[in-house]
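Worksheet: the structure to be examined is printed underneath.
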Amino acid sequence: MLRRLFTLLVLYACAGTAAAAGDIAVVYLGTNDCPYCQHWEARAKGELMAELRGSTVRYFEVKGETLRRPIVERHYPDELKWLARKLGPARGVPRFILLVDGEIAWSVFGTNDYERIFLPALRQAMARADGRARS
4 MLRRLFTLLV LYACAGTAAA AGDIAVVYLG TNDCPYCQHW EARAKGELMA
54 ELRGSTVRYF EVKGETLRRP IVERHYPDEL KWLARKLGPA RGVPRFILLV
104 DGEIAWSVFG TNDYERIFLP ALRQAMARAD GRARS
């Protein structure tokens with residue numbers, strides 16, 4: 004019960020940011036030697052890609068070489084160098100970042116928070132953007 008309440012509060016807090024959603028991007032940070040990253044890529048990435056298909060949401064995958072070294076600016080595509088500078092060297096993976104209109108709306112670590120927090124926030128942002136597009 005407390006977990007549901009927390010999730011609702013988190014989503015409510017996101018509503019202001021998601022309401023302004025026009026440009027939405029998902030950024031996934033991972034490494035090839037991260038077992039949790041491998042698990043997410045094998046089980047959930049395909050579902051995410053299917054959900055994003057046909058939408059205007061952009062997906063970026065930023066991969067570091069190994070868990071032993073941080074993900075730094077050179078790993079990011081040119082379009083996201085600003086994000087690398089804002090985050091600094093990143094070690095915690097898997098990490099999922101939701102960008103809304105060029106701002107970080109959500110940044111979560113791990114597959115549990117991906118399911119519990121990130122996906123609902125992404126869906127809410129997409130629904131709001133879709134609702135405005137239809138208006």
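Numbered according to the numbering used here, the sequence shown spans residues 4 to 138.
Each residue gets a CB set at the ideal place from its N, CA and C atoms; glycine is no exception.
Please read all numbers here as calculations on a predicted model, not as lab measurements.
- Task: Could you tell me whether the Cβ atoms of threonine 34 and lysine 66 are closer together than 8 Å?
- Result: Cβ atoms of threonine 34 and lysine 66: closer than 8 Å.
- Item | Extent of the continuous beta strand (DSSP E) to which tyrosine 62 belongs | 61-67
- Beta-carbon proximity list for proline 97, same chain, < 6 Å, skipping 5 on both sides: Excluding sequence neighbours, proline 97 sits near Gly33, Tyr39, Cys40 and Trp43.
- Task: Give the straight-line distance between the Cα atoms of arginine 61 and alanine 108, rounded to the nearest whole angstrom.
- Result: Those two C-alpha atoms are separated by around 15 Å.
- Give the DSSP-derived three-state secondary structure of alanine 87 in the structure shown. Here alanine 87 sits in helix by DSSP.
- Message: Per DSSP, what are the beta-bridge partners of valine 151 in this structure?
- Response: Residue 151 lies beyond the range of the chain shown here (4 to 138); nothing can be said about it.
- Looking at alanine 93 and isoleucine 120, is the spacing between their C-beta atoms short of 8 Å? no
- Task: Check whether the Cβ atoms of glycine 25 and alanine 132 lie closer than 8 Å to each other.
- Result: Yes, these two residues count as a Cβ contact at 8 Å.
- Query: Does the Cβ-Cβ distance between alanine 87 and phenylalanine 63 come in under 8 Å?
  - Reply: no
- Query: Nearest-angstrom Cα distance between leucine 122 and leucine 70?
  - Reply: 24 Å
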